[in-house]
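Residue 1396 is where the first sequence starts when you use the working numbering, and the numbers rise one by one after that. C-beta atoms are modelled at their ideal positions from N, C-alpha and C, and glycine is treated no differently. The structure presented is a predicted model; accordingly, all values stated were derived computationally and were not measured. Notes follow the structure.
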Amino acid sequence: MKEKIVLIDGHSILNRAFYGLPNLTNSEGLHTNAVYGFLNILFKILEEEKPQYLTVAFDLHAPTFRHEMYAEYKGTRKPMPEELREQVPLMKQVLEAMGVKIAEQEGYEADDILGTLARRGEREGRDVTIVSGDRDLLQLATDTILVRIPKTRMGKTVIEDYHTAEVLEKYQVTPPQIIDLKALMGDTSDNIPGIPGVGEKTATKIIAEYGSVENAHEHLEEIKPKKAMESLRDHYDLAELSKKLATIDTDSPIDWDYESARIGSLYTPEAYDIFRRLDFKNLLTRFDSQKAESLKGPEVKLLEEFQEAEEACRRAAAARRAGICILPEQGQIAGLAVSLSAEDTFYIPAGGFLTPDYLKTVAERIMAEVPEVSTFGLKGLMKYARAPRQEGFFDIQIAAYLLNPLKSVYTYDDIAKEYLGAVIPSAEDIFGSVKLPGASVMTPEQAACYAGQTAFVSLAAREPLSGALEEQHMKQLFLEIEMPLVFTLADMEEAGIEVHAEELQEYGRNLQVRIDEVEKKIYEQAGETFNINSPKQLGVILFEKLKLTGGKKTKSGYSTAADVLERLAPDAPVVADILEYRQLTKLKSTYADGLMNYVAADGRIHSSFNQTITATGRISSTDPNLQNIPVRMELGRQIRKVFVAKEGCVFIDADYSQIELRVLAHLSGDEKLIQAYREASDIHRITASEVFHVPFDQVTPLQRRNAKAVNFGIVYGISSFGLSQDLSISRKEAADYIEKYFQTYPKIKEFLDRTVKEAKDKGYVDTMFGRRRPVPELKSSNYMQRSFGERVAMNSPIQGTAADIIKIAMIRVNERLKREQRKARLLLQVHDELLIECPMEEVDQVCALLEEEMRGAASLAVELEVDMHTGKNWYEAK
DNA sequence: GTGGTCACG
DNA sequence: ACGTACGTGACCACG
């Protein structure tokens, strides 16, 4: 197949489109009809021609000198309407966004550029298509150069096509003779004068017979209509000028090369944005439907034969870098994708001799031998294939999270868009639904595309992501904390925690007995049965039927939240029953029944620890959430008895003592608070003593409680309203506490003020270890939003630094357990607490190790203290 | 799918 | 006059 070049006459097509379409504007009032029409023509041509190269030529100054000569001569130049003029730069922006080559050169017209490039293409053996609204261009037509002239007829675009034959048929002259034709008849649209009194008919006759203007002039006396003969005789200079004007230069020194004109993905994110801005809704849909066809993503080779798969795997194992992706199905590998470059990406589905076990071996070999392995979700991948080392891995999902922790999901196609500028098929594009189907219901082609794109983006986005991390000073955080943590979390998930299912069921049954009793009592007091779990129904019963007063409202009715009810009617028996009912049903549904569903065949619960969820850097736990197992209330706390250490082991529960307040002491450098930590074991009591100016041993329980609340409030980004709610006091009293607190610890106020101010300047806050959180709310014009932003700015560095510290501790604890070949295992992390399952005989050493690594995880102005407890179950160990 | 509620740090 | 404490996840009701 010959390669094909499409060359477009920019101004000419823009002009055609402008006059061919009604006056369109976008929401900003920008005129867009010419651009819109141009794009429609462009897409139509590209669909039909499927060229490899595309260039749009523009005159640098429209209209250009050649036309200017005549314009001055004739004085009839019509100015370009403003509505069209403003669309020229816009058109160029759109083309640039689509990555289309624009050719323009000082001193040359678009015609000359088109002519030069067309002849060059033809000479070099390529097919050429010129698109213009200007018949002047017909002179360039040959058997390989096609000139296409779009016309608008009754709202539809039809295109007239001209090779040599069509020109001959329509004009009875060869393409080069079009120049002679124009020299005689002129062309008003192109500002070519021609000679007076000669129109198309006569000119055609003359040129058809004599071949050229010059030859006709030599045979002047033979020229038939006398009028034409006289005109040619008297105005031959004009004919010569016209010929010069009409001749397109095919040998201009144009700065152009094939590589820059090669057609990539026109459907770039930039193009999408600009189309949206211009309100090209029609084109946007077309954009979407065509996206799959014209992506920058790689061709994924589907390898189903053992031989070719084997060969590809050998090639992969020898590579210096690779992106890999495993598609799982029911705990087994259903397929493996590997990307070594944009040109070398393949997918091997499990089947036949290519067993899941074989794929696992291949994946592990690549993970062992390729120095730089990139992934999208390494923790998940490690459920199926394990690496013998940790160095050299790069997880693009985690990198993307660090660079913007506010997103709810991190997809490979978003990462490709943001960091590669490439639009590649998303899971939705491939499967036609948002949800990823099981590997068994995908076609091999779908699986290959999905896994292949993922592997490719993992490979390709590594450099840009790494650079961005570097720029934002988060490379160390990424390499030394987040990536090693992936391995720690994978170990924890694999370990799981043993649950005594029988006891859990028994616990649930006991709850149900009590729930039935309380439910009956509530119905009796209400005088009817209703759904107590429905806040709506409950609100009606409490506030309308039972006439409770002073209710707070939510968006959709009365608030029945516990704190509201408690304050409202502390003595009403129904309220107490309802609160007990809520507590019981919560325990039953979420914990007793909920956890039961997660006990695996090995008698353990393997929860997921997610590293890319929170805005502050904490990890989260799901399926089930083991970070919110009850502890505050005794009845709920009993659940912890069903979490047991395995045979021969005990749990060691180690938690940091007030880590966030200690971080605050360090970050603020407040001497008083630092000093307080150096001498007192009870920080809330000493705070009360300082704030309320009473001797340490005369602090009342109420004073201590208040001081503790203020300490929490400070960490959350204090507000008098929040504190007053928490303590059920007036806002004024709360404000008074806060003021006294700041008087006692002046550097804390300075620190918080400084942090908020810096956040407003920079747009983000960061932790001791460089973790960033953007705070866009600070720019909001809404007071509430802005206040929220301020509290976030105060809280995030504190919560985030604490999160960083315990992550470091987890990595070190896990590493040391492995290095010392302990049988003890890290099972859970609950923000400031680690739970370890430890053989009885290792307890002393492991306790020592834990304390050492947790305390040593960071060096602050105050000591990090760790409380540890052991027990056969989680209840005992807490 | 969203909002209300409540479990945890 | 406004109307909240910071960070999560699971379950239920309801449209």
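In terms of alpha-carbon separation, which member of the options lies closest to residue i?
i	options	result
T1583	D1529, E1617 and A1623	D1529
I1554	I1408, R2027 and N1677	I1408
P1648	S1835, G1510 and E1813	G1510
R2057	D2048, A2075, K2041 and T1849	A2075
G1903	M1837, N1992, P1879 and A1971	N1992
A1578	E1613, R1543, D1632 and A1560	D1632
Q1867	A1795, A1598 and D1752	A1795
K1774	K1948, E1889, A2272 and K1870	E1889
R1781	L1960, C1720, R1715 and P1832	C1720
E1491	S1655, L1533 and E1613	S1655
D2227	Q1785, A2049 and S1422	A2049
T1838	I1892, P1744, A1505 and E1764	P1744
F2146	F2116, G1746, L2062 and I1436	L2062
I1936	G1692, V1969 and L2222	V1969
Quick one, are the C-beta atoms of residue i and residue j less than 9 angstroms apart?
i	j	result
S1607	D1629	no
Q1978	Q2224	no
R2168	A2010	yes
V1852	I1825	no
L1627	I1587	no
R1521	D1646	no
G1922	L1982	no
I2193	E2055	yes
T1949	L1933	no
F2318	T1770	An answer regarding residue 2318 cannot be provided, because it is not within the stretch 1396 to 2273 covered by the chain.
G1822	L1731	Per the sequence shown, residue 1822 should be read as Ala rather than Gly. No, Cβ-Cβ distance for A1822 and L1731 is not below 9 angstroms.
R1999	W2269	no
S1422	D1674	yes
V1401	Y1448	yes
I1892	S2002	yes
T1450	V1483	no
Looking at the structure shown, is residue i part of a helix, part of a strand, or coil, going by DSSP?
i	result
V2225	coil
H1612	helix
V1495	coil
E1665	helix
A2040	coil
D1582	strand
E1555	strand
R1514	helix
L1974	helix
I1643	coil
I1927	coil
N2268	strand
R1543	strand
R2186	helix
R1909	helix
For residue i, which residues of its own chain have a beta-carbon under 8 angstroms away from its beta-carbon, when the five flanking residues on both sides are left out?
i	result
Y1976	I1910, V1913, E1914, I1917 and I1927
I1876	F2164, D2199, K2202, I2203 and I2206
K1638	I1574, D1575, K1577, A1578 and V1608
R1710	L1735 and D1739
D1972	V1913, K1916, I1917 and Q1920
I'd like the list of long-range same chain contacts for residue i, defined as Cβ closer than 6 angstroms, with 5 residues on each side in sequence excluded.
i	result
G2195	T2011, G2012, T2162 and R2166
E1517	V1523, T1539 and I1540
E1595	M1580
K1947	S1954 and V1959
Where DSSP assigns a beta bridge to residue i, which residues make up the other side?
i	result
A1452	D1404 and A1498
S2016	F2004
D2262	D2050
E1724	Q1727
T1949	G1952
S1769	G1718 and F1789
Y1742	L1697 and A1732
Y2159	P2169
D1522	K1399
C2233	V2045
Given 8 angstroms as the limit, tell me if residue i has its C-beta closer than that to any heavy atom belonging to the ligand SAH.
i	result
G1989	This structure lacks the ligand SAH, and indeed carries no ligand of any kind.
Within the same chain, show all residues whose beta-carbon is closer than 7 angstroms to that of residue i, passing over the 5 residues directly before and after it, in chain order.
i	result
L1899	A1987, L1990, M1991 and V2037
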